[in-house]
Amino acid sequence: MGRYTGPKTKVSRRYGVPLFGPSKSLERKNYPPGMHGPKGSRRKQSDYAIALGEKQKLRYQYGLLERQFRRIFQSALRKRGVTGETLLQLLETRLDNVVFRLGLANTRAGARQLVSHGHVLVNGKTVNISSFNVKAGDEISVKDKPKTRQLALRNLELTQIIPVPDWLTVDILASCSGAR
């Protein structure tokens, strides 16, 4: 599957939210991109425009294209419970997002690259599919190669500021991580 490779700052400025991680450009230019960006206010948005904008924010934040996002939404519709919560649960349990949440990578794109390059193990087996759905009790670790371990430990040190969600546990000593 593909991913968005266009201008990330422009998208973040359009929605006024740092979608791809912390951004200095939003602090400097806190207005929408384009010729008419800094001038005045925009027209009032319709309900459809607001809903579409929220959907697009979610898509960009998790690094999904439209077709992949739509398939996840369809599977959330089929499951029991509140569709919005189920959708977020399905997005949060993707392997690339879990690697990001554990702090093994400092961005979701970096986590996706770690997974696709085969540096991540799930229950001791290499998984290089970033959309892999992590189940409760799965143990996520990095390969036992010196460069991979060094990269993971460096990222763990950099991302210690960001709290790990309570549904995940991190074991730094063993450099292994698992989902509860």
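Those letters in the sequence shown? Residues 4 to 183, per the working numbering, in order. Yeah, the Cβ is synthetic: ideal placement off N, Cα and C, and Gly gets one too. It should be emphasised that the depicted structure is a prediction, and the values quoted were computed from it without experimental measurement.
Measure the C-alpha to C-alpha separation of residue i and residue j and round it to an integer number of angstroms.
i      : j      : result
Asn126 : Leu105 : 16 Å
Phe103 : Gly56  : 24 Å
Arg1   : Arg46  : Residue 1 is absent from the model: the chain starts at 4 and stops at 183.
Leu94  : Leu171 : 15 Å
Asn100 : Gly40  : 32 Å
Gln71  : Glu30  : 31 Å
Asp141 : Val173 : 12 Å
Ser119 : Lys32  : 34 Å
Thr129 : Ile53  : 40 Å
Lys150 : Gly9   : 30 Å
His122 : Phe76  : 28 Å
Ala139 : Asp169 : 13 Å
Ala79  : Tyr65  : 16 Å
Tyr51  : Gly84  : 24 Å
Leu67  : Ala108 : 18 Å
Gln116 : Glu160 : 19 Å
Gln163 : Asn131 : 25 Å
Lys58  : Gly37  : 22 Å
Tyr186 : Ile165 : Nothing about residue 186 can be read from this structure; the chain reaches only from 4 to 183.
Ile143 : Leu124 : 6 Å
Tyr42  : Ser26  : According to the sequence shown, residue 42 is Lys rather than Tyr. In a straight line, the C-alpha of Lys42 is about 22 Å away from that of Ser26.
Short of 8 Å in beta carbon distance, which residues of its chain neighbour residue i, apart from the five on each side in sequence? Order them along the chain.
i      : result
Glu69  : Arg62
Ser28  : Thr12, Ser15, Arg16
Lys82  : Thr89
Ala112 : Arg6, Phe23, Gly66
Residues in its own chain within less than 7 Å of residue i by CB, not counting five upstream and five downstream?
i      : result
Lys60  : Tyr18, Val20, Leu22
Asn136 : Thr96, Arg97
Thr86  : Ala79, Leu80
Residue i and residue j: beta carbons closer than 8 Å?
i     : j      : result
Ser97 : Ser49  : Note that residue 97 corresponds to Arg in the displayed sequence, not to Ser. No, the pair does not count as a contact, with Cβ atoms beyond the cut-off.
Gly5  : Thr110 : no
Using a Cβ-Cβ cutoff of less than 6 Å, which residues in the same chain neighbour residue i once the five nearest sequence positions on both sides are dropped?
i      : result
Tyr7   : none
Ala2   : Nothing in the structure corresponds to residue 2, since the chain is present only between 4 and 183.
Lys148 : none
Val167 : Val173
Every unbroken alpha helix (DSSP H) inside the region 75-105 [4 residues or more]: 86-95, 98-105
Beta strand (DSSP E) runs wholly inside the region 99-142, at least 3 long, in chain order: 123-125
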